[in-house]
Amino acid sequence: MADVLKKVPVREQDPKVRATNFDEVCLGYNKDEAVEEAQRCLGCKKAKCMEGCPVQIHIPDFIGAVKEGDFAKAYSVISESSALPAICGRVCPQESQCEGRCIRGIKGEAVSIGKLERFVADWAREQGIKPAAPAEKNGKKVAVIGSGPAGLTCAGDLAKLGYDVTIFEALHKAGGVLVYGIPEFRLPKDGVVLPEVENVKSLGVKIETDVIIGKSVTIDELMENEGFDAVFIGSGAGLPKFMGIPGETACGVFSANEFLTRNNLMKAFDEKYDTPIFHGKKVAVVGGGNVAMDAARTALRLGAEVHIIYRRSEEELPARKEEVHHAKEEGIIFDLLTNPVEILEDENDWVKGIRCVRMELGEPDASGRRRPVEVEGSEFDIDVDTVIMSLGTSPNPLISSTTKGLEINKRKCIVAAEDTGATSKAGVFAGGDAVTGAATVILAMGAGKEAAKGIHEYLSQK
Amino acid sequence: MFKIVKAEQLSANVYKKVVLAPRVAASCQPGQFIIVRLDETGERIPLTICDYDREAGTVTIVFQPIGVSTSKMVDLKEGDYFLDFVGPLGRPSELVTDDFEEVKKKKVIFIAGGVGTAPVYPQAKWLHDHGVECDIIIGARSKDILIMEEEMSKVGNLYLCTDDGSYGFKGVGTAMLEKLVSEGHHYDLCVAIGPMIMMKFACLTTKKLGIPTIVSMNPIMVDGTGMCGACRVVVGDEVKFACVDGPEFDGHKIDFDQAMKRAAMYKTEEGRRMLAYKEGKTHHGGCGNCGGDK
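Those protein sequence lines, which keep their order, are chains A and B.
For the first sequence, position 330 matches number 330 in the UniProt record's numbering, and the numbering has no gaps at all.
For the second sequence, position 202 matches number 202 in the UniProt record's numbering, and the numbering has no gaps at all.
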């Protein structure tokens with residue numbers, strides 16, 4: 001018997017091998033490993049883990065079913081709460097949510113809830129198990145804007161309640177950030193995302209791609225001319241931020257969004273696809289979040305030496321620990337307590353380096369993290385031919401500027417009630433990054449879920 | 001899927017497709033653009049709208065093959081489909097959105113260069129339909145690549161010029177403009193659309209002549225909705241996203257030299273893909289440069 005204080009280790013691709021391919025890093029549990037790991041669950045009556053789950057999956061019940069080898073039951077327990085378990089099992093920050101609250105975690109390692117969720121979802125997909133559309137429709141139409149995690153969840157929940165739901169997606173493929181943002185090696189597109197999108201469709205949800213709400217058609221037009229009784233806005237985060245330092249418009253400076261979209265959505269890494277991507281030899285990624293890790297590990301797989309440049313120390317890195325660990329294993333170089341001040345250009349306006357200063361940590365700032373302060377006279381240059389800015393995003397005004405009576409806050413995010421998603425405009429609800437600013441997949445799903453309840457309540461009273 | 005209802009070759013290297021896209025046709029305005037994708041492996045190509053028919057639900061695009069995807073698009077015939085056709089994107093021309101009482105007082109001169117003639121057309125047509133007279137210069141290298149003469153002659157006073165003198169005035173569009181001004185024509189606004197280098201020189205001339213000038217930028221972009229930031233252009237002291245802040249800008253404030261360098265950013269990579277498309281994959285690695293070794 002293995003050490004009960006430790007997780008059953010999950011098999012991964014060897015770092016040296018995976019650094020040269022786009023196949024999935026984590027291979028997941030097999031049946032035996034899953035059952036063994038499930039046995040570590042104490043089946044707490046008052047399950048702390050559930051409190052940490054934004055969509056309140058009944059975790060002890062599904063793990064209990066795994067223990068008994070009844071994976072179909074485990075899947076149906078998860079499906080009651082989540083429409084995208086294969087995705088959540090891969091990209092949720094479990095360490096700060098369900099697993100962060102696990103009683104096992106006090107003395108040893110928490111139960112590997114995320115990997116178990118992934119196992120159950122993958123098993124169900126391999127068996128061809130699909131959720132069924134509801135028998136009765138209630139005749140009411142809801143438009144969902146954006147097919148990312150918030151939109152898919154909201155649409156799925158509403159469809160289960162009998163609504164006639166249409167998702168409008170601006171890009172040519174459904175999935176939002178799951179498709180354009182998160183790389184293949186962390187979240188396989190055809191293998192995992194597509195089938196989960198298909199599952200939402202099999203609930204009766206229609207998806208219309210290539211429609212930009214605010215441009216192709218407005219929310220007011222959807223409600224007035226196309227007969228939608230309510231609208232959910234899950235349009236995501238928006239426009240990439242840049243630092244505003246000299247040299248930022250040089251050739252070879254990309255936003256993480258551009259770099260990742262070219263590679264993930266447009267599959268530029270694959271020769272068969274027409275979209276080009278710049279294969280840098282030495283790449284600097286500025287930022288320390290999950291998106292920065294994704295961009296860095298993508299550049300590495302395209303053949304570059306990659307530096308992460310982050311102004312605070314390792315402890316403050318906003319990325320998940322697992323992502324940082326994987327990045328290091330693969331050979332990403334971390335230049336911490338370092339901040340860029342200028343991008344250096346050659347005579348053709350191409351990036352030839354990045355000028356940085358050393359930083360040290362001072363007093364805590366508003367975010368509670370210690371504020372990085374520049375070390376005087378510490379300027380130095382790093383030779384690079386590509387710079388990828390991964391500094392977060394600011395909201396896209398496409399929808400807020402074209403919808404009458406939709407209130408936004410001073411950060412230009414849509415104002416929505418936390419428990420119902422209701423906005424200042426009757427019949428219009430919102431959730432996910434469009435409301436909170438860039439956050440996580442599961443928080444967006446949680447918001448989509450609350451909004452589905454809010455919309456149901458609103459339309460039931462109407 | 002978006003059906004091509006009409007396909008036409010306009011000149012040696014310029015092609016027109018009329019596409020059934022009801023949502024775009026219903027809401028688009030002069031000055032805006034669309035993004036088209038041929039098939040599953042195709043690139044997203046931004047193209048400025050050349051014409052639209054709200055009743056028929058169609059939108060007309062005109063393009064010149066440059067990369068692999070646009071080269072493949074050449075072969076599409078009537079009855080074929082684009083996999084994706086999304087829009088309208090960007091802001092409409094100010095001629096359309098500004099107070100009409102002000103707009104109609106203005107004497108506008110359009111300078112259209114090469115394939116840039118296409119996006120000039122809906123603006124001139126809009127003015128014409130609203131009873132505002134305008135002058136239009138179409139410039140091309142030679143007669144055989146000059147496009148849309150007939151359509152344009154119906155919506156404005158047309159001045160044609162070719163670099164080699166094979167048709168109309170011999171010289172570039174800006175020389176034609178200088179000639180018109182020297183003959184006593186007065187203009188309150190110039191709209192110059194064409195290759196970047198042509199717009200740069202048009203702006204140098206109009207600055208000298210004191211004519212405010214609008215240009216339409218067509219930089220590299222991916223999504224066209226503000227998400228990727230690839231289309232950054234320097235306008236005065238600011239960095240703007242052409243897809244959401246443009247595509248039209250005050251031409252006298254644009255840093256064209258930088259815009260031209262940025263437009264060439266993927267040239268090597270695109271050239272490599274183009275070569276592979278034309279000649280098949282003949283490169284087997286070994287150069288250590290292109291990643292083909294792996």
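Virtual Cβ for every residue (Gly too), placed ideally from N, Cα, C.
Just so it is clear, the structure is predicted and the values come from calculations on it, not from any experiment.
In the structure shown, residue 9 of chain B falls within a strand segment according to DSSP collapsed to helix, strand and coil. Under a 10 Å Cβ-count criterion, residue 225 of chain A is classified as exposed, with fewer than 16 other Cβ atoms of the shown protein chains found around its own Cβ. For residue 389 of chain A, the enclosing beta strand (DSSP E) starts and ends at 386-389.
From the listed residues B:23, B:68 and B:1, the smallest Cα separation to residue 276 of chain B is found for B:68.
The three-state secondary structure of residue 313 of chain A, taken from DSSP, is coil. Excluding its 5 nearest sequence neighbours in each direction, residue 115 of chain A has C-beta neighbours in its own chain below 6 Å: 10 and 29, listed in chain order. With a threshold of 16 other beta carbon atoms within 10 Å, residue 249 of chain A meets it and is buried.
Minimum Cα-Cα distance from residue 235 of chain B among the listed residues B:172, B:226, B:217 and B:178 corresponds to B:217. When Cβ-Cβ separations below 7 Å define contact, residue 199 of chain B makes no contact with chain A.
Close CB contacts of residue 106 of chain B within its chain, under the 6 Å cut and outside five residues either way in sequence, are with 188 and 189 (chain order). If you draw a 10 Å sphere on the C-beta of residue 12 of chain B, you find fewer than 16 other C-beta atoms in it, and that means exposed. An exposed status is given to residue 364 of chain A, since fewer than 16 other beta-carbon atoms sit within 10 Å of its beta-carbon. Cβ contact annotation for residue 258 of chain B (same chain, cutoff 6 Å, sequence separation greater than five): 234, in chain order. Note on residue 321 of chain A: under 16 other CB atoms within 10 angstroms of its CB, so exposed under the neighbour-count rule. Against chain A, the beta carbon of residue 17 of chain B has no neighbour under 7 Å; the closest one sits roughly 16 Å away. Comparing alpha-carbon positions, the option among A:392, A:358 and A:382 lying closest to residue 376 of chain A turns out to be A:358. Taking C-alpha positions only, residue 38 of chain B is separated from residue 183 of chain B by approximately 47 Å.
Per DSSP, reduced to three states, the secondary structure at residue 239 of chain A is strand. Judged by DSSP in its simplified three-state form, residue 128 of chain B adopts helix. Counted as a single uninterrupted DSSP element, the stretch harbouring residue 266 of chain B is not any beta strand (DSSP E), since DSSP gives it neither H nor E. Residue 17 of chain A counts as exposed, since fewer than 16 other beta carbons sit within 10 angstroms of its beta carbon. Distance from the CA atom of residue 85 of chain A to the CA atom of residue 79 of chain A, rounded to whole angstroms, is 8 Å. In this structure, DSSP gives residue 154 of chain A a helical state, which the three-state scheme calls helix. Under the Cβ criterion of 7 Å, residue 94 of chain B is not counted among the residues facing chain A.
Residue 53 of chain B carries a strand assignment under DSSP once its states are collapsed to helix, strand and coil. Here residue 345 of chain A has 247 and 250 as same chain residues with Cβ atoms under 6 Å from its own Cβ, once five neighbours each way along the sequence are excluded.
Under the rule that a run must span 4 or more residues, the alpha helix (DSSP H) segments found entirely inside the region 280-346 of chain A read 290-301 and 321-330. The residue from A:450, A:325 and A:145 with its alpha-carbon nearest to that of residue 234 of chain A is A:145. Just so you know, the alpha carbons of residue 273 of chain B and residue 277 of chain A end up roughly 11 Å apart. Against chain B, a Cβ distance below 8 Å from residue 238 of chain A picks out 226 and 227. For residue 245 of chain A, there is no enclosing alpha helix (DSSP H), as DSSP marks it with neither H nor E.
Taking all protein chains in view, the Cβ of residue 81 of chain A is crowded by 16 or more other Cβ atoms within 10 Å, so the residue is classified as buried. Residue 211 of chain A reaches chain B at 23 and 86, counting residues in chain order whose Cβ is nearer than 8 Å. Using a Cβ-Cβ cut-off of 7 Å, residue 42 of chain B is close to 274 of chain A, given in chain order. Among the CB atoms of chain B, none fall inside 7 Å of the CB of residue 290 of chain A. For the C-beta of residue 223 of chain B, the chain A residues within less than 7 Å are, from N- to C-terminus, 171 and 261.
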